[in-house]
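A short worksheet on the structure shown next.
Protein chains: 2
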Amino acid sequence: METTWAHQLREAGLRVTRPRLSVLSVLADHPHADADAIVTGAREQHPSLSPQAVYGVLKAFVAAGIARRIEPAGAPALFELRVGDNHHHLVCRSCGAVADVDCAVGAAPCLSPSDTAGFVVDEAEVVFWGLCSNCRAGDRRVAGAAAPAQVGQHHNRGGAGA
Amino acid sequence: METTWAHQLREAGLRVTRPRLSVLSVLADHPHADADAIVTGAREQHPSLSPQAVYGVLKAFVAAGIARRIEPAGAPALFELRVGDNHHHLVCRSCGAVADVDCAVGAAPCLSPSDTAGFVVDEAEVVFWGLCSNCRAGDRRVAGAAAPAQVGQHHNRGGAGA
DNA sequence: GCTGCTTTCTTGACTGAGTCAAGAAAGCGA
DNA sequence: TCGCTTTCTTGACTCAGTCAAGAAAGCAGC
């Protein structure tokens, strides 16, 4: 496994280091982890890892196109390895869980705003807000509680709706 | 004009105060202003206004449904008075300018992800990233710059392109 | 128009996410 | 294995936004 990561890093012109491999494996396990969760996870393999190193690693990954940064309103940035396909996200208002959705309405649907106001659009980012199945069940009791907690691991690739 | 604002505030069950009227008029002039810009603008009418007061006012407005808060990735939150219609936004990667777009593909298109992964979706938020006409003109000189960089502080507000 | 209660604003301290910089450590090519 | 370059560690810092307590202002009733 790590051999694969190492290969990917080299492909991207990055050096292969323990922190980077740790971060990659955390991202593979937790597809929508925030920086803090990544630090925690990566420390299992590399206990001395500093948060700043993780920020640096993530920035390098994003710059190299290995990872993608998503920033749901009101929550810290999340990172995912799935890049290159134009997929979107479902975010739970209650627990902050994030799930992937393949492009919403057909081919590259979202790239067609009705009026571009002179903009040249190169990407459409869609966030679907709602409640995940867990919170729907729980929310009847808790009603509104549960802060924008972190990163449900629940992800599920939608079956290529497009 | 201000009479209208006052009326709207009362309708929403809020007291009519100078800070609130100032913020409302700034929002009317600058449809996608961030908190800082609002403070600056509102101080023209109310020089002693504190940033915290503005945060409080904005929070009250959002809670009352008078204003809406939008948070493009990598930029401070923006506020707009246009609420109640499900419109979306065009954001310029280079200067951070924001323009409104009416709902993208017909009726309430975006509310139909291909696979909801168990989520109950109640809102779809769409952000179109690209370059505004100003930056396209300028960018030919600056070339490669304007990477997925961070939505600089320069907002060019003003009528937001449109 | 005045009084008193309640909401709102001002002041100041604080939190959390993320950045910047300098020196130490580690990776890679020869 | 050597030496150069990149990356990591440590620590200070910025910026957006929140929290709390007391002062000021708005509104309803008289």
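Going line by line, the protein sequences match chains S and G.
Position in the first sequence counted from 1, then plus 1, gives you our numbering.
Position in the second sequence counted from 1, then plus 1, gives you our numbering.
Backbone N, C-alpha and C fix where the C-beta goes; we use that ideal spot for every residue, glycine too.
Taking all protein chains shown into account, aspartate 35/G has 16 or more neighbouring C-beta atoms within 10 Å of its C-beta and is therefore buried.
Contact between the region 96-105 of chain S and the region 69-81 of chain G is absent: fewer than 3 CB-CB pairs across the two stretches fall below 8 Å. For histidine 47/S against alanine 38/S, the beta-carbon gap comes to about 15 Å, at or over 8 Å, which does not count as contact. Rounded to the nearest whole angstrom, the C-alpha separation of alanine 78/G and arginine 70/G is 7 Å. Distance between valine 122/S and serine 134/G, taken at the CA atoms: about 11 Å. Your pair valine 58/S and arginine 21/S checks out as a contact, with CB atoms roughly 5 Å apart and the cut at 8 Å.
The beta carbon of valine 84/G lies closer than 8 Å to those of Gly66, Ile67, Ala68, Arg69 in the same chain, with the five residues before and after it left out. Listed along the chain, the chain S residues whose CB falls inside 7 Å of the CB of glycine 75/G are Glu72.
Excluding residues up to 5 positions away in sequence, Leu22, Leu25 lie with their Cβ nearer than 6 Å to the Cβ of tryptophan 6/S in the same chain. Between valine 27/G and alanine 13/G, the C-beta spacing is not below 7 Å. Annotated three-state conformation of arginine 21/G is helix, per DSSP. The alpha carbon of glutamate 126/S has as its nearest neighbour, out of His90/G, Ser95/G, Ala138/G, the alpha carbon of His90/G. Classified as exposed, glutamate 45/S has fewer than 16 neighbouring CB atoms from the shown chains inside 10 Å of its CB.
At a cut-off of 7 Å between beta carbons, aspartate 86/S makes no contact with chain G. The three-state reading of DSSP puts cysteine 136/S in helix, counting H, G and I together.
Residue state for leucine 91/G is assigned as strand, using DSSP reduced to three classes.
An exposed status is given to arginine 19/S, since fewer than 16 other beta-carbon atoms sit within 10 Å of its beta-carbon. Pairing alanine 61/G with leucine 132/G gives a Cβ-Cβ distance that is not under 7 Å. The beta carbons of valine 17/S and valine 40/S sit about 20 Å from each other, so the pair does not count as a contact at 8 Å.
The residue among Pro52/S, Thr4/S, Arg11/S, Val92/S with its C-alpha nearest the C-alpha of threonine 117/G is Val92/S. As computed with DSSP, glycine 131/G is found in a beta bridge with Val122/S, Cys93/G. At least 7 Å separates the CB of alanine 38/G from every CB of chain S. Look at phenylalanine 120/S: its C-beta is under 7 Å from a C-beta on chain G.
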